[in-house]
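As numbered in this note's numbering, the sequence shown has no gaps in its residue numbers, which increase by one up to the final residue, 144.
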Amino acid sequence: MKKFLIAVASIIGTSYALADDHASTLNLELRQPVSTMEVTSIHFHEDETTISAQGDMGAYGKVYASYDLSYDATRNSGGVKASGRGFANGQVVSGYANGVWARDGDKVVMSIVVMMNDGSQNLEKIVTDPMTNKMTIHTYALK
């Protein structure tokens with residue numbers, strides 16, 4: 002029993018030592034300036050809501066995107082799947098994303114990881130305001 006307790010204490014102590022303050026901060030840089038997109042439609046379904054938007058997104062040019070929000074049991078948060086296309090300088094870029102959403106008062110806040118067709122990856126925080134039909138998008142470079 003004594004050896005067992007020593008082994009458990011060693012495992013717990015090692016876990017704390019290895020995890021100590023390695024991830025207290027995450028420093029991400031904006032890939033582009035904060036952008037705004039216009040919400041063009043919101044479709045409500047029994048199991049999900051689809052938000053479509055368009056706007057100028059800096060490095061990605063004119064962007065068209067759709068966000069499919071699934072509901073959890075409370076219907077105040079859930080998962081997000083998204084896809085979009087950007088058109089800039091005669092080029093087309095595409096991306097798809099997965100993440101989560103939650104209500105914050107009358108706004109919908111999404112946190113998604115976007116995989117682009119050029120291999121780059123972004124973390125986006127999107128705040129959708131249905132009262133103004135605007136999405137504010139913070140795009141951070143992951144890869």
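Glycine included, each C-beta is placed from N, C-alpha and C at the ideal position.
- prompt: In the DSSP assignment, what residue or residues form a beta bridge with residue 61?
  reply: Along the sequence shown, one-based indexing puts residue 61 at 60. DSSP lists no partner for residue 61.
task: Give the range of the beta strand (DSSP E) segment to which residue 105 is assigned.
output: As a first step, residue 105 is located in the sequence shown; it is residue number 104 there, counting from the start. From DSSP, the beta strand (DSSP E) with residue 105 extends over 92 to 105.
task: Would you mind working out which of 51, 76, 143 and 44 sits nearest residue 105, comparing C-alpha positions?
output: Within the sequence shown, residue 105 is the residue found at index 104, counting from 1. Checked all of 51, 76, 143 and 44; the closest Cα to residue 105 is 76.
- prompt: What are the boundary residues of the beta strand (DSSP E) that residue 35 is part of?
  reply: Looking up residue 35 in the sequence shown gives position 34. Element bounds for residue 35: n/a, residue is neither H nor E.
- request: Could you tell me which of 143, 135, 139 and 141 sits nearest to residue 42, measuring between CA atoms?
  value: Position 41 of the sequence shown, counted from the start, is the residue given in the question as residue 42. Out of 143, 135, 139 and 141, 135 has the C-alpha closest to the C-alpha of residue 42.
- request: Reducing DSSP to helix, strand and coil, say where residue 133 ends up.
  value: Along the sequence shown, read from residue 1 onward, the residue named residue 133 stands at position 132. Of the three classes helix, strand and coil, the one that applies to residue 133 here is coil, per DSSP.
field: Host beta strand (DSSP E) of residue 83 (start-end)
entry: Numbered from its first residue, the sequence shown carries residue 83 at position 82. Residue 83 -> beta strand (DSSP E) spans 78 to 89.
- request: Within the same chain, show all residues whose beta-carbon is closer than 8 Å to that of residue 58, passing over the 5 residues directly before and after it, in chain order.
  value: Looking up residue 58 in the sequence shown gives position 57. Only 33, 36, 38, 64, 87, 138 and 140 meet the Cβ criterion.
CA-to-CA distance, residue 73 to residue 94, given in whole angstroms: As a working note, residue 94 is residue 93 in the sequence shown. As a working note, residue 73 is residue 72 in the sequence shown. Answer to the nearest angstrom: the Cα atoms are 31 Å apart.
- prompt: Between the C-alpha atoms of residue 31 and residue 124, what's the straight-line distance to the nearest angstrom?
  reply: Position 30 of the sequence shown, counted from the start, is the residue given in the question as residue 31. Position 123 of the sequence shown, counted from the start, is the residue given in the question as residue 124. So the two alpha carbons sit approximately 9 Å from each other.
message: Let's see if you can read the secondary structure: which residues bound the beta strand (DSSP E) around residue 112?
response: Against the sequence shown, residue 112 aligns to sequence position 111. 108 to 117 is the extent of the beta strand (DSSP E) around residue 112.
query: In the DSSP assignment, what residue or residues form a beta bridge with residue 66?
result: Locating residue 66 in the sequence shown gives position 65, counting from the first residue. Residue 66 is bridged to 54 and 85.
- prompt: Looking at residue 57 and the ligand GTP, is the gap between the Cβ and the nearest heavy atom below 7 Å?
  reply: With respect to small molecules bound, the structure shown includes none, and the ligand GTP cannot be examined in it.
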